[in-house]
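Engineer: Below are the structure tokens for one structure; questions will follow.
Number of protein chains: 2
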Amino acid sequence: MKTYSISEVAKELNLTPYTLRYYDKEGLMPLVERTSSGIRLFKESDIAALKVIECLKSTGMPIKEIKNFIDWCSDGDSTLQQRYDMFMERKATVEAQMEELKKTMEVIEHKCLYYKTALDAGTEDIHKKAKIEISVTK
Amino acid sequence: MKTYSISEVAKELNLTPYTLRYYDKEGLMPLVERTSSGIRLFKESDIAALKVIECLKSTGMPIKEIKNFIDWCSDGDSTLQQRYDMFMERKATVEAQMEELKKTMEVIEHKCLYYKTALDAGTEDIHKKAKIEISVTK
DNA sequence: GCTTGACTTAGAGTTAACTATAAGGATTAA
DNA sequence: TTAATCCTTATAGTTAACTCTAAGTCAAGC
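Quick note, the sequences are listed as chains F and D, same order. Note that the working numbering numbers the first sequence so that position 34 is 39, with each residue one more than the last. Note that the working numbering numbers the second sequence so that position 111 is 116, with each residue one more than the last.
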């Protein structure tokens with residue numbers, strides 16, 4: 006079975022060997038095998054596990070909580086409920102983040118339009134004047 | 006015109022007075038008026054500006070870059086192009102973040118299903134066994 | 001007059017997640 | 001055999017964005 010060195014894995018995941026050793030130290034990678042001389046041999050399954058970790062990180066989950074999950078994985082079937090609950094909670098978090106991003110996007114798009122109009126007019130005053138026009142013509 | 010104290014504004018925006026003073030120090034709020042004794046008087050328009058700042062922050066924009074934008078605002082119409090470009094770039098950033106979140110969501114939802122199945126079966130082995138079944142029955 | 005909340009400058013502390021260096025050793029490929 | 005890459009422990013530095021304390025002042029409301 007093909008294995009990968011720490012720097013190969015780092016390159017693939019856009020991390021550094023420092024970061025991977027740091028994850029290891031923090032207990033995020035308990036399953037990685039070693040040569041007799043201690044060099045890490047990453048299997049595809051280890052890389053897949055790291056991708057899940059990166060996924061959890063991208064939801065804003067702190068490393069210490071990710072470690073809990075890794076520990077639950079080692080503990081076997083008795084922790085299935087916790088792991089299910091955790092992913093359901095993550096799902097809710099990501100849904101909330103999506104909602105937030107949508108609102109952010111609305112503001113940004115509004116600003117894009119605002120500045121497009123101002124740019125076409127050559128001045129930001131166009132937006133202030135618009136209101137005056139309305140009150141005058143009303 | 007109604008004005009608000011620093012702690013009223015902080016409460017409204019879910020920040021602290023410390024944070025608002027920090028923003029001020031970093032040049033993010035150049036327009037806030039003061040009493041003769043130096044106390045900040047926030048207008049509705051200042052709160053609106055702070056909401057835009059919070060919006061930019063939520064896109065991951067660092068405070069130093071937000072300061073550039075604030076400076077451009079003070080510089081008037083000559084910076085309209087920069088400001089437009091900035092918001093267009095933010096738009097692209099947020100779109101990319103949405104794509105990322107979608108991918109993240111797919112992984113999370115897959116994991117939810119995985120653990121739901123395992124939980125119903127009482128063991129994670131159900132997923133390993135499934136593959137064996139296929140190869141046996143094939 | 002006293003409390004509350006505002007202000008200032010200056011600087012220290014916090015947190016998370018890296019990121020790096022030192023010092024020493026082992027292994028592997030050209 | 002030499003360079004590159006891996007390992008360790010231990011420790012220190014970095015960065016961003018706060019977060020707080022100290023020490024002293026000021027002003028409004030009860």
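In this text, a Cβ means the ideal position worked out from N, Cα and C, and glycines have one as well.
Note down, in chain order, all residues in the stretch 60-88 of chain F with a beta-carbon under 8 Å from any beta-carbon belonging to chain D.
Structural biologist: 60, 63, 64, 81, 82, 85, 86, 88
Engineer: With three or more beta-carbon pairs closer than 8 Å as the criterion, would you say the stretch 82-93 of chain F touches the stretch 40-54 of chain D?
Structural biologist: no
Engineer: Tell whether a beta-carbon distance below 7 Å holds between residue 11 of chain F and residue 96 of chain D.
Structural biologist: Cβ atoms of residue 11 of chain F and residue 96 of chain D: not closer than 7 Å.
Engineer: Assuming residue 98 of chain F and residue 64 of chain F form a contact by the criterion Cβ under 8 Å, report the distance between their Cβ atoms to the nearest whole angstrom.
Structural biologist: 6 Å
Engineer: Just to make sure I have the definition right: I need the residues of chain D whose C-beta is within less than 8 Å of the C-beta of residue 113 of chain F. Which are they?
Structural biologist: 60, 64, 92, 95, 96, 99
Engineer: Given residue 107 of chain D, which residues of its chain have a CB within under 8 Å of its CB, disregarding the five upstream and five downstream residues?
Structural biologist: none
Engineer: Taking 7 Å as the CB-CB cut-off, is residue 123 of chain D touching chain F?
Structural biologist: yes
Engineer: Quick one: does residue 17 of chain F have its CB under 7 Å from some CB of chain D?
Structural biologist: With respect to chain D, the C-beta atom of residue 17 of chain F has no partner C-beta closer than 7 Å.
Engineer: Quick one, which of D:7, D:58, D:38, D:76 has its alpha-carbon nearest residue 18 of chain D's?
Structural biologist: D:58
Engineer: Between which two residues does the alpha helix (DSSP H) holding residue 73 of chain F run?
Structural biologist: 68-80
Engineer: Report back the beta-carbon spacing between residue 85 of chain F and residue 124 of chain D to the nearest angstrom; my notes put them in contact at under 8 Å.
Structural biologist: 5 Å
Engineer: From residue 61 of chain F to residue 70 of chain D, what does the alpha carbon distance come to, in whole angstroms?
Structural biologist: Distance between the alpha carbons of residue 61 of chain F and residue 70 of chain D is about 28 Å.
Engineer: What did DSSP end up calling residue 31 of chain F once you bin it into helix, strand or coil?
Structural biologist: coil
Engineer: Tell me the residue span of the alpha helix (DSSP H) that contains residue 12 of chain F.
Structural biologist: 11-18
Engineer: Less than 6 Å between C-beta atoms, sequence neighbours within five positions excluded: which residues of the same chain meet that for residue 77 of chain D?
Structural biologist: 84, 87, 88
Engineer: Would you mind reading off the limits of the alpha helix (DSSP H) that contains residue 62 of chain F?
Structural biologist: From DSSP, the alpha helix (DSSP H) with residue 62 of chain F extends over 49-63.
Engineer: Taking buried to mean at least 16 other C-beta atoms within 10 Å of its own C-beta, is residue 133 of chain D buried or exposed?
Structural biologist: exposed
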